[in-house]
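Colleague: In our numbering, the protein residues as written are 3 to 59.
Printed below as a string of structure tokens:
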């Protein structure tokens, strides 16, 4: 089965979109993972749902 709409944690997607405005995809991911505040923000919400639809782009 093909996934029509990928599901992503809302807080992670919000952080991704904010950082992506000024950086490339690899730099964006590195900035989220290496930032203690950003990584704690989305990791602390694990297991509580909060998934949102995302596009493939």
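Here a beta-carbon is modelled for each residue, glycine too, at the ideal position from N, C-alpha and C.
1. Determine the direct distance from the alpha carbon of residue 35 to that of residue 41, and round the result to whole angstroms.
2. Determine the closest residue to residue 53 out of 27, 10, 32, with distance taken between C-alpha atoms.
3. Report the rounded CA-to-CA distance for residue 51 versus residue 43, giving the unit in angstroms.
4. Count the other CB atoms within 10 Å of the CB of residue 32; is the residue buried (16 or more) or exposed (fewer)?
5. Give me the DSSP bridge partner(s) of residue 2.
Modeller: Taking the geometry as given:
1. As a working note, residue 41 is residue 39 in the chain shown. As a working note, residue 35 is residue 33 in the chain shown. Near 5 angstroms, if we compare the C-alpha coordinates of residue 35 and residue 41.
2. Position 51 of the chain shown, counted from the first residue, corresponds to residue 53. Considering only alpha carbons, the answer is 10.
3. Here residue 51 refers to the residue found at position 49 when the chain shown is read from its first residue. Here residue 43 refers to the residue found at position 41 when the chain shown is read from its first residue. Residue 43 has its alpha-carbon roughly 14 angstroms from the corresponding atom of residue 51.
4. Along the chain shown, read from residue 1 onward, the residue named residue 32 stands at position 30. Looking at its Cβ environment, which holds fewer than 16 other Cβ atoms inside 10 Å, residue 32 is exposed.
5. No answer is possible for residue 2: the residues shown for the chain start at 3 and end at 59.
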